[in-house]
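Asker:
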Amino acid sequence: MTFSFRESLLRLHAFARKKPLDRDLAEELASHLQFAIEENIQNGMSPQEAERQARISFGGPQQSKETHRESRGLPYLDTLLRDIRYTLRTLWRDRAFAAIAILILGLGIGANIAVFSIVNTLLLRPLPFANSNQLAWLDSNRGVGGLSAITYTIDVYDEYAKQNRSFEQVTAYMPFFGSGDYSLTGRGEPLALTGIMVDWNFFQTLGIKPEYGRAFLPGETAKGAYHVIILDNAFWRQHFNSDLSILNQSVTLNHESYTVVGIMPPSFDFGAAFAPGQRMEFFVPYFWDDIRQWGNTVFIIGRLKPGATVQSAQSEADLLMPQMRAAHKDWYNDYPTRVSSLSAHVRGKLRSSLIVLWSAVGLILLIVCVNLANLLFARSAARSKEFATRTALGAGRSRIIAQLLTESAVLSTAGALLGMVFAYGIVSFVARQATLALPLLSSMKIDGATLLWAIAITAFAALLFGLAPGILIASANLRTGLASSSRGATDGKHFHGLRSLLVISEVALACVLLVGAGLLLRSFLRVLDVDLGFQPSQAAALKISYDDNGDRAHRVPILQEILRRVQRIPGVEAAGISDMLPLGRNRSWGFQAVGRAYSPDDFTGAYVRIVTPGYIPAMGMHLREGRDFSWTDDRPDTQQSVIINEAAAKLHWPGQDPLGKEVEGFTERGKTATVIGVISDVRQNSLEDASTPEMFLSYAQSGPEGSELIVRTKLPPEVLGPTLARTMREYSPDQPVGEFRPLQRIVDSSTSPRRFFVLLVGSFATLGLILAALGIYGVISYMVTRQRQEIGIRMALGASRGNVVFGVVNRTLRLAFIGIAIGAVVSFVAGKWISSLLFQTEPGDPMTFVVMLVVFASVALLAGYLPAQRASRVDPLVALRYE
Amino acid sequence: MMPSEPKLDLLQGTLDLMVLQTLATLGPQHGYGIARRIEQVSGDAILLNQGTIYASLVRLQQRGWIAAEWGTSDNNRKAKFYSITKSGRKQLSTDMSYWQRLTGVIGRVLAMQDEGEN
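Sequence order for the protein chains is A and B. Sequential numbering from 17 applies to the first sequence in my numbering. Sequential numbering from 1017 applies to the second sequence in my numbering.
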């Protein structure tokens, strides 16, 4: 039925004004009858006969009102509203059922909405940059190795920027920053700040403008230019109280003056895209010539020209890089470059985890639907008489299905609203996890796409758990109708078999979830169990700064004094200093055994950490051979000493004792260094990657990149922190208020993405288990109630309570085991699928499967035992009289 | 009063046409008046539950072809009076020519069948 616009409006209007229109019609009909009666009386009828005849020729008044309403209003909507009212009434009567159904749906839909917003933020939404699909990321060394291996020198960057034809513009930033590298002084308490050095066109290439002020200018990366700085929005709001007058003023960073030229918009979060889990406080242009000699220092980001693709840029780089090297013999290597889209670079590693997460909540939704279908079956058994009566009164099959669908729609809408509340809670909780090392997380919110998704899955759920039982019930009703006994039409074998099938599939689905979560959990535990090579407990790190004029000879007495003061603090067991902590930033230098021939393919780089004497014991690292550094033996004017890790020993001196061996590659031209010690491998970048060669050099003999003070103590960091800060402040008043960070937190941050996924998948698996248990309980409990009479007879004939319990439990376990068997097979396949996410865990890990079996069997046992217990308490006499 | 032949069921849409024609010829009328008029003209040959006329009236009103207003009848009774609008007259002439063409065609088709039987 199609109406014109005008008519639709009028119909809607009439629909809304039902009461006055009905009153108007009633008046009109009354006057109609009066006219007819008067005419009949005039024609000579008695008043009674006149009224009788008038009513006959008028026809049914109710019918007339009905057709009037239908032709003026919206009959479908009327029916729908009636169905909804009816549904609300019946659900209210059955409050317990409604509450459980809505709660289950809310949990299922809520989990789905929350995970969708995570997936949407981390995977689907474009990056928060202008035309972000044109942005590409360049890794050197095909993206393999530590930061020093995959970055470029300024020379390479310059040359590539000039020669490439793929990019409209390329820019670079320096990833070798440490948190709190800069100290801001002259504005109250000294502050330790984290900033990042970028090329002048960094923001321009990303397509972002500062909210206030201006971006950097081309000349500002030239040596000798004025120092300028752009502030991060959040930092500006917090520390400068959103005061715009800071623009064009100067601030003092590391004793140098910088002019504030811009403030970024709040939407720009450098850390979210490039350094997950960290917040940048400001941006400064780097002075090219200062870092030109520092080796590989920058990452390259480019904006593709129209028509150019990541693939075409890749082919160009494959040709261009070796050509450029041929012209510049002094470059370290060919810079075999990997070009990837910026989006893939930011999100690539997360893809598979997120898809697994998404599948897990999908399973939850399926389990929820199966559970609900099961509940609705149980309910419709009790309502079969009602449906039979309605059928007898003329309701068609489609009307009854429509009614059942209305019911499922009302339930799932209520569930979705509840789910929204859950999802909102989860999303705002997750978005606040600033230390979680996942990209883009802070921009997570429930947006339009999420709402659409919520509506889609709600409709899907309503159809799935409403339609299937609806059709079955409606057809069953037509067959058996009122003829069935009070046990109801759905008591037949047909329905029982179907419900069992539902429970089996529910158990199987939950099994898959449980095994998946089990495998991930086991991987996570294995990760936590990894031998880090150092002891993170009872140790903490503090960023410190001191003024040594870049002079090694000057540095030694300063550090000795600092360590002496720190070691005097009561409770401090050991203390040492390093420029870079494990699991944080890194750099690597060349490292070769003197006198050994290496082929060009040999890996001859090693991570570098500059440390003081005492650092190795303070970290709880294990010195396997040789000695630690000492202030007296390792001086600026003595032969350089080096401590290496086992990986380096194995690579360069296989089967030999490396102690006393000479090495070169990182030393000054014509000089060598001597290996004085070997330590057990320390996990360098992540807990999951095996260690590669690493060397430790002394502060007295090398140039450090900042300083981290490590203190081993039994005191909690909150207690020791202030004392330590005071000691440092006494020594140098410009010392910024750094945070005293427990080493465990650094380890936790490194495992946080895995912890996050395990937590989510684990909660979903638990939810699945509970739902499956509810499903089993529901079916068995229903079965027991229906079979009261039979049980009563068997007990009257001499069956013991034990027999009855055994019978029921036996049947429960049979259902559960079929489900578990199917689930185990599917899990095995699914396990293979997620094997890339597992760590030292086989997809068919027997332990996980056995635990799953035991957990499920016990849950099923409990779910069956409760109704069995009830069944065994049946009094035969009462049961026989029942019904 | 009762005709010997069985009464005719109304075809879909024909009641609307009759109501429009009645209002066009008689001017403003209340529901009872329209119903009686149709019965009289048809010689009581049409099976018309008078109550069904109100569904037709509200439909025509929503399409803008007739207008309604409460008023007083000759014998001083309150009644709702319906009158045809300008677009109603236009619709009436369209419907009328359509109806005449249709009955013409049906008539010819039926006549052809008669010839065939003879």
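We treat Cβ as the ideally placed atom computed from N, Cα and C, and that holds for glycine.
Using the beta-carbon of each residue, which ones in chain A are nearer than 9 Å to Lys1094(B)?
Answerer: Under the 9 Å cutoff, chain A gives Glu43, Ser47.
Asker: Give every residue of the same chain whose Cβ lies closer than 6 Å to the Cβ of Ser1136(B), excluding the five residues on either side of it in the sequence, and list them in chain order.
Answerer: What is shown of chain B runs 1017 to 1134, which leaves residue 1136(B) out entirely.
Asker: Report buried or exposed for Asn56(A), applying the criterion of at least 16 other Cβ atoms within 10 angstroms of its Cβ.
Answerer: Counting Cβ neighbours within 10 Å, Asn56(A) comes out buried, since at least 16 surround it.
Asker: For Gln50(A), go through chain B and note every residue whose CB falls closer than 8 Å to its CB, in chain order.
Answerer: Those are Arg1093, listed as they occur along chain B.
Asker: So, Glu439(A) versus Ile116(A), is the Cβ gap smaller than 8 Å?
Answerer: What sits at residue 439(A) in the sequence shown is Ala, not Glu. For Ala439(A) and Ile116(A), no; Cβs fall outside 8 Å.
Asker: Determine, using beta-carbon pairs with one atom in the stretch 764-776 of chain A and one in the stretch 651-664 of chain A, whether at least three such pairs fall under 8 Å.
Answerer: They do not touch, by the three-pair rule.
Asker: Would you mind working out which of Phe872(A), Asn349(A), Thr864(A), Glu184(A) sits nearest Ile836(A), comparing C-alpha positions?
Answerer: Of Phe872(A), Asn349(A), Thr864(A), Glu184(A), the residue nearest in Cα terms is Phe872(A).
Asker: Closest to Arg354(A) by C-alpha separation, out of Met637(A), Leu878(A), Trp153(A), Leu200(A), would be which residue?
Answerer: Nearest C-alpha to Arg354(A): Trp153(A).
Asker: Suppose the cutoff is 6 Å on Cβ atoms and the five residues either side in sequence are ignored; what does the same chain contact list for Trp605(A) look like?
Answerer: So the qualifying residues of the chain are Val624, Phe682.
Asker: Going by the beta-carbon positions, is the gap between Gly839(A) and Val528(A) smaller than 8 Å?
Answerer: Yes, Cβ-Cβ distance for Gly839(A) and Val528(A) is below 8 Å.
Asker: Hey, quick one: how far does the beta strand (DSSP E) through Tyr793(A) stretch, first residue to last?
Answerer: Tyr793(A) -> not in any beta strand (DSSP E); alpha helix (DSSP H) instead, spanning 759-802.
Asker: Could you check whether the Cβ of Thr83(A) sits closer than 8 Å to any Cβ belonging to chain B?
Answerer: Yes - at least one Cβ of chain B is within 8 Å of the one on Thr83(A).
Asker: Is the separation between the beta-carbon of Gly318(A) and that of Gln185(A) shorter than 8 Å?
Answerer: Cβ atoms of Gly318(A) and Gln185(A): closer than 8 Å.
Asker: Return no unless some Cβ of chain A is closer than 8 Å to the Cβ of Val1035(B).
Answerer: So no, Val1035(B) is outside the interface.
Asker: Counting only beta-carbon atoms, is Ala1061(B) nearer than 8 Å to chain A?
Answerer: By this cut-off, Ala1061(B) is not an interface position.
Asker: Of all the CB atoms in chain A, is at least one closer than 8 Å to the CB of Ala1083(B)?
Answerer: Not an interface residue.
Asker: Report all residues from its chain with a CB closer than 7 Å to the CB of Tyr198(A); omit the five preceding and five following residues, and keep chain order.
Answerer: Result list for Tyr198(A): Leu209, Gly211, Leu269, Asn270, in chain order.
Asker: Determine the burial state of Ile13(A): buried for a count of at least 16 other Cβ atoms within 10 Å of its Cβ, exposed for fewer.
Answerer: For chain A, the structure presents residues 17 to 899; residue 13(A) sits outside this window and is missing.
Asker: Is the CB of Ser80(A) under 8 Å away from at least one CB in chain B?
Answerer: Yes, Ser80(A) lies at the interface with chain B (some Cβ there is under 8 Å from its Cβ).
Asker: Between which two residues does the alpha helix (DSSP H) harbouring Leu639(A) extend?
Answerer: Premise fails: Leu639(A) lies in the beta strand (DSSP E), 639-642, not in any alpha helix (DSSP H).
Asker: Which first and last residues belong to the alpha helix (DSSP H) in which Asn819(A) is found?
Answerer: Its alpha helix (DSSP H) spans residues 817-849.
Asker: Here's a check: name, in chain order, each residue in its chain whose Cβ is nearer than 6 Å to the Cβ of Asp350(A), leaving out the five neighbours to either side.
Answerer: Within the same chain, Asp350(A) has close Cβ partners Met337, Pro338, Arg341.
Asker: If you check the beta carbons only, do Glu710(A) and Ala622(A) fall under 8 Å apart?
Answerer: Contact: yes.
Asker: Quick check: what's the CA-CA separation for Ser273(A) versus Trp669(A)?
Answerer: About 49 Å.
Asker: Going residue by residue through the stretch 224-268 of chain A, where are the continuous alpha helix (DSSP H) segments of at least 4 residues, counting only ones entirely within it?
Answerer: Entirely contained in the stretch 224-268 of chain A, the alpha helix (DSSP H) runs reaching 4 residues are, in chain order, 249-256.
Asker: Along the chain, where does the beta strand (DSSP E) containing Asn128(A) start, and where does it finish?
Answerer: Unbroken run through Asn128(A) is the alpha helix (DSSP H), 111-135; no beta strand (DSSP E).
Asker: For Thr864(A), does the count of other Cβ atoms within 10 angstroms reach 16, so buried, or fall short, so exposed?
Answerer: So Thr864(A) counts as buried.
Asker: By the DSSP assignment, the alpha helix (DSSP H) with Ser199(A) in it spans what residues?
Answerer: Note, Ser199(A): premise wrong, no alpha helix (DSSP H); beta strand (DSSP E) at 198-201.
Asker: Check whether the Cβ of Gly60(A) lies closer than 8 Å to any Cβ atom in chain B.
Answerer: It does not; no Cβ of chain B falls within 8 Å.
Asker: I want to verify the contact list: residues of chain B whose CB lies under 8 Å from the CB of Leu468(A), in sequence order.
Answerer: Correct list: empty, because the minimum Cβ distance to chain B is about 35 Å.
Asker: Can you check which of these residues, Arg295(A), Gly223(A), Arg181(A), Asp174(A), is closest to Thr237(A) by C-alpha distance?
Answerer: Here the closest residue by C-alpha is Asp174(A).
Asker: Let's test the definition: count the other Cβ atoms within 10 Å of the Cβ of Asn661(A) and tell me whether it reaches 16, buried, or not, exposed.
Answerer: Under this definition Asn661(A) is a buried residue.
Asker: Please report whether the beta-carbon of Ala1040(B) lies at a distance below 8 Å from any beta-carbon of chain A.
Answerer: No, Ala1040(B) lies away from the interface with chain A (no Cβ there is under 8 Å from its Cβ).
Asker: Leaving aside the five residues before and after Gln700(A) along the sequence, list all residues of the same chain whose C-beta is less than 8 Å from its C-beta, in chain order.
Answerer: Taken in chain order, the residues that qualify are Gly162, Pro598, Leu599, Asn602, Tyr623, Ser707, Thr708, Glu710.
Asker: Could you spell out the range, first to last residue, of the alpha helix (DSSP H) harbouring Gln672(A)?
Answerer: Unbroken run through Gln672(A): none, as it is neither H nor E.
Asker: Below 9 Å between beta carbons is the criterion; list the residues of the stretch 1066-1083 of chain B that meet it against any residue of chain A, in chain order.
Answerer: The stretch 1066-1083 of chain B vs chain A, Cβ under 9 Å: Gln1066, Gly1067, Thr1068, Ile1069, Tyr1070, Ala1071, Ser1072, Leu1073, Val1074, Arg1075, Gln1077, Gln1078, Arg1079, Gly1080.
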